[in-house]
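Q:
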């Protein structure tokens, strides 16, 4: 069957089981958009290409499927770059279709031309420039396969306009099993260190699990729960791993690192065995590498061999999908290969949780941001999908919001992308529309972050998506001001929002219900009103401008050097 390139793209997306795509049209993309017109695909027209890629990212994180976004050439394609880099840092499967100028025009500084292969090579898992329409079906199959297998990540497929209009024979592969190519990711790896790991677990008196986003990506939350049940080993989770295990469970110590809990940091610093499950050992978690987990032997389970010994030296490893590698340890535990004697250690962890729980000084005069997050948690009981932007509100959400189910906390981790949250919440809400038992979708954001992609409030309204947007307005760039207070002698350079913008009114202009809360006693009723409203809501909460995220470990310091009150570090 003969199809033009544009129709091939549409048919490939449908063959992969994708029903919703996100994008923004333009001159070089018009053949593709003409094919989308009567394709049966749901196309969500965001108000900015960055909104499209972040929405595809939120869709992918919530659903576990590949997210798809589409753009035109030049600025349309380059507007995807921040979202592609965000997905790459957090290992999110995306296929980004960028439309390019015609083949004869490439390399001639043509109108709206940009070298997307050169631009995105450092921030993608892989990318393709399609030179022949007959190559398109195989390239598209490869793109989806690469994005979702192994360590997931974003793939860019750059398609010249004349390739979209050329015709070729449509033959979409069912699989790539017989293809001769170098990409052969394995879900099961070598087990050379398995016995040593089991021996170490059996000898350990103070083991800790450090759980990351890789466990969520591999859908291994059931295996984690079983392993904790069998062994009783306490655990802490990175920002990306927060939803991997119920945060209210007695053995959950919280998030370690710069703004982590006392219990999590102390457990890592006093452990004799640390098991990293799908983690990068990021600098925001480890603090000073020289003093990180000083008494611990380290086991690392990860699908990507590039992560082994990248930041911390490990003693033993299992490379493979977490469902496989954690499954091996479960089999060994069930067979009695090890049974850690850790009753005293569990008591120590419980004592650390009780000694210094997360706390703040509440007020009846001003709304504390922590209190707003706690109120949202009391309302949703850990059952909602929570998205955030980046900054103080992100850390307060990680600290004071509870999670019971995997894939219910969506946030930009590695890149720290302001403006991520609103379009990501949009993508997640589309997943919930099709769910048998849909969950509420809340975005926790700030007056700084929301303005990065506030135009997508109009997309929420147009699509009828009931996302609730909680704007913690502290009238400036809160995390910047916190660092300026602590490290720059309180020289508040360019971190104050002088213009008094009403986010409630902005929401109303964009088609949402707008609400503003200024006093603590108004907050519970306003949250309930937002929850009960059938459409999208912007709930602006005026919070304490001077509040800092505490506790804190200053950059380069040991996890043992925690500061618990605002001021100088």
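Residue numbers (the numbering used here): -1 to 567.
Idealized CB from N, CA, C, for every residue including glycine.
Small disclaimer: the values here were computed from a predicted structure and weren't measured.
1. Less than 8 Å between the CB atoms is what I'm expecting for residue 274 and residue 208, so what's the real figure, rounded?
2. Run through DSSP, which three-state label would residue 567 get?
3. Could you name the residues of the same chain whose beta carbon sits closer than 6 Å to that of residue 173, not counting the 5 residues immediately before and after it, in chain order?
4. Once the 5 residues before and after residue 567 are set aside, which same chain residues still bring their CB inside 8 Å of it?
5. Roughly how many whole angstroms lie between the Cα atoms of residue 411 and residue 88?
6. How would you call residue 548, buried or exposed, if buried means at least 16 neighbouring beta carbons within 10 angstroms?
7. Between residue 336 and residue 306, what straight-line distance do the alpha-carbon atoms span, to the nearest angstrom?
8. May I ask which residues mark the beginning and end of the alpha helix (DSSP H) holding residue 540?
9. Please state if the CB of residue 467 and the CB of residue 441 are separated by a distance shorter than 8 Å.
10. Runs of 3 residues minimum, wholly inside the stretch 266 to 300: which ones carry the beta strand (DSSP E) assignment?
11. Confirm, please, whether the CB-CB distance from residue 406 to residue 429 is below 8 Å.
12. Along the chain, where does the beta strand (DSSP E) that runs through residue 61 open and close?
13. Identify whether residue 34 lies in helix, strand or coil by the three-state DSSP scheme.
14. Give the DSSP-derived three-state secondary structure of residue 320 in the structure shown.
15. Which residues in the same chain as residue 14 place their Cβ atom closer than 8 Å to its Cβ, once the five residues preceding and following it in sequence are excluded?
16. Going by C-alpha to C-alpha distance, which of 257, -1 and 456 sits closest to residue 507?
17. Using the rule of at least 16 other Cβ atoms within 10 Å of the residue's Cβ for burial, across every protein chain shown, is residue 123 buried or exposed?
18. Who does residue 98 pair with in a DSSP beta bridge?
19. Is the stretch 198 to 212 in contact with the stretch 255 to 269, if contact means three or more CB pairs nearer than 8 Å?
20. Taking all protein chains shown into account, do 16 or more other C-beta atoms lie within 10 angstroms of the C-beta of residue 342, making it buried, or fewer, making it exposed?
21. Using a threshold of 8 Å, state whether the C-beta atoms of residue 535 and residue 511 are closer than that.
22. Considering Cα atoms alone, identify which of 95, 170 and 112 is closest to residue 152.
23. Considering only the alpha carbon of each residue, which of 16, 33 and 298 lies closest to residue 5?
24. Taking the DSSP output, what are the residues bridged to residue 153?
25. Within a Cβ cutoff of 6 Å, which residues of the same chain sit near residue 421, ignoring the five residues on either side of it in sequence?
26. Out of 41, 243 and 354, state which residue places its alpha-carbon closest to the alpha-carbon of residue 221.
27. For residue 156, tell me which candidate among 214, 27, 170 and 232 has the shortest Cα-Cα distance.
28. Is the Cβ-Cβ distance between residue 581 and residue 446 less than 8 Å?
29. Buried or exposed for residue 181, please, with buried defined as at least 16 other CB atoms from any protein chain shown within 10 angstroms of its CB.
30. Rounded to a whole number of angstroms, what is the C-alpha to C-alpha distance between residue 100 and residue 162?
31. In whole angstroms, what separates the C-alpha of residue 537 from that of residue 514?
32. What's the gap between the Cα of residue 229 and the Cα of residue 338?
33. State the beta-bridge partners of residue 2 as determined by DSSP.
34. If you pair each beta-carbon of the stretch 128 to 147 with each one of the stretch 104 to 119, do three or more pairs fall below 8 Å?
35. For a test of your reading of the model: does the CB of residue 13 fall under 7 Å from any non-hydrogen atom of the ligand COA? Yes or no.
A: Considering the structure as presented:
1. About 5 Å; that satisfies the 8 Å criterion.
2. The predicted model places residue 567 with a pLDDT of 48, which falls under 50 and marks its position as unreliable, so this point remains unresolved.
3. There are no such residues.
4. Here residue 567 scores only 48 on pLDDT, less than 50, and its place in the model should not be relied on; the value that follows carries that caveat. Answer for residue 567: 484, 485, 550, 552, 555 and 561, listed in chain order.
5. About 6 Å.
6. With 16 or more other Cβ atoms within 10 Å, it is buried.
7. Between the alpha carbons of residue 336 and residue 306 lies a gap of roughly 24 Å.
8. Note, residue 540: premise wrong, no alpha helix (DSSP H); beta strand (DSSP E) at 535 to 540.
9. For the pair residue 441 and residue 467, the CB atoms are nearer than the 8 Å cut-off.
10. Within the stretch 266 to 300, the complete beta strand (DSSP E) segments of 3 residues or longer fall at 271 to 275 and 295 to 300, listed in chain order.
11. Going by beta carbons, residue 429 and residue 406 fall outside the 8 Å limit.
12. For residue 61, no beta strand (DSSP E) run applies; the uninterrupted alpha helix (DSSP H) run containing it begins and ends at 47 to 61, by DSSP.
13. Residue 34: helix per DSSP, three-state reduction.
14. Note: residue 320 maps to helix in three-state DSSP.
15. Around residue 14: 64 and 142.
16. In terms of CA proximity to residue 507, 456 leads the group 257, -1 and 456.
17. By the 10 Å Cβ count, residue 123 comes out buried.
18. Assignment of beta-bridge partners to residue 98 by DSSP yields 158.
19. Pairwise C-beta distances place the stretch 198 to 212 in contact with the stretch 255 to 269, as three or more of them are shorter than 8 Å.
20. Residue 342 should be labelled exposed.
21. Yes, they are a contact pair.
22. The alpha carbon of residue 152 has as its nearest neighbour, out of 95, 170 and 112, the alpha carbon of 95.
23. That would be 33, whose Cα lies nearest to the Cα of residue 5.
24. For residue 153, which the question treats as bridged, DSSP gives the partners 93 and 124.
25. Non-local beta-carbon contacts of residue 421 in its own chain, meaning distances under 6 Å to residues more than five positions away in sequence, involve 49, 52, 53, 451 and 454 in chain order.
26. Cα-wise, what sits closest to residue 221 is 243.
27. Measuring from the Cα of residue 156, the nearest candidate turns out to be 27.
28. Lying before the first or after the last residue shown, residue 581 is absent from the chain, which here runs from -1 to 567.
29. Classification for residue 181: exposed.
30. Each residue's CA atom was taken as its position, placing residue 100 and residue 162 some 9 Å apart.
31. So the two alpha carbons sit approximately 6 Å from each other.
32. Distance from the CA of residue 229 to the CA of residue 338, rounded to the nearest whole angstrom, comes to 7 Å.
33. Beta-bridge annotation (DSSP): residue 2 is paired with 165.
34. No: the two stretches stay apart, fewer than three of their Cβ pairs being nearer than 8 Å.
35. The ligand COA is absent from the structure shown, which contains no ligands of any kind.
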